[in-house]
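Using numbering that gives the first Met the number 0, the first residue of the sequence shown is number 0, and each one after it goes up by one.
Beneath this line is the structure, given in structure tokens, with notes to follow.
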Amino acid sequence: MRVLGVDPGLTRCGVGVVGGVAGRPLTMIGVGVVRTPADAEIGHRLVAIEQGIEQWLDEYRPEFVAVERVFSQHNVRTVMGTAQASAVAMLCASRRGLPVALHTPSEVKAAVTGSGRADKAQVGAMVTRLLRLDAPPKPADAADALALAICHIWRAPALNRLQQAHAAHRQAQLSVRKVTR
């Protein structure tokens, strides 16, 4: 499985590609940051993020895209920019027919470090260890993108089983409704 993790942001949008399957050693395939100038107009920044993500999708050909789920903060302006960058990542993936998964920051931290309250340094250290890197990826947005990809690889089998069970349950309910009519 090859997953592109996206840590959305308007100024720095972390991107990282990880390959592997749950229960086996994982491999970092690529890591970086799509940057935009803070003084540029929002439309130009979103286009730059789209172009950057499209380049990553073209070059690394992931099978899945994992994006950090935007959560409410006190600074609405920051949340809006993050949400806009997140939407661009989801749009790029969906346009190509790639499945998109959203993971909360605490889910990612818990998956990678064992604690949903881990700090950036702990996440970076565990990403370095799990991917057998010489040093933590810089900036932290890049490490967070890799952590998102790792989280998705580890959680995907369980999520797939849950989705299949839910679909089977819905199908059974529809069958029961048809019989009782």
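Using N, Cα and C, we set each Cβ at its ideal position, and we do this for glycine too.
All figures in this text were calculated on a predicted structure; none of them were measured in a lab.
In this structure, DSSP gives Leu-173 a helical state, which the three-state scheme calls helix. In the DSSP annotation of this structure, the continuous segment of the alpha helix (DSSP H) that includes Ala-86 starts and ends at 75–94. Here the stretch 34–52 does not lie against the stretch 137–156, with fewer than 3 beta-carbon pairs under 8 Å apart. If you draw a straight line from the Cα of Cys-150 to the Cα of Arg-128, it comes to about 14 Å. In terms of Cα proximity to Val-17, the closest of Glu-49, Ser-174, Trp-55 is Trp-55. If you draw a straight line from the Cα of Asp-118 to the Cα of Gly-13, it comes to about 17 Å. For the pair Thr-81 and Gly-31, the CB atoms are not nearer than the 8 Å cut-off. The beta carbon of Arg-60 sits closer than 8 Å to those of Arg-1, all from its chain and outside the five residues before and after it, given in chain order. Rounded to whole angstroms, the separation of the alpha carbons of Leu-173 and Ala-167 is 10 Å. Nearest to Ile-41 by C-alpha distance, out of Gly-29, Val-87, Ala-65, is Val-87.
Between Ala-65 and Ala-148, the C-beta spacing is below 8 Å. His-73 and Ser-105 have their alpha carbons spaced roughly 17 Å apart. With contacts defined by Cβ atoms closer than 8 Å, Pro-136 and Val-126 form a contacting pair. Setting aside the 5 residues that flank it on each side, Ile-28 is surrounded in the same chain by Arg-1, Val-16, Val-17, Gly-18, Tyr-59, each with a C-beta closer than 8 Å to its C-beta; the list follows chain order. Following the DSSP letters along the chain, one finds Thr-26 inside the beta strand (DSSP E) bounded by residues 26–34. Counting other Cβ atoms within 10 Å of its Cβ, Gly-115 stays below 16 and is therefore classed as exposed. Collapsing the DSSP output to three states places Glu-67 in a strand. The Cβ-Cβ distance between Arg-11 and Pro-138 falls below 8 Å.
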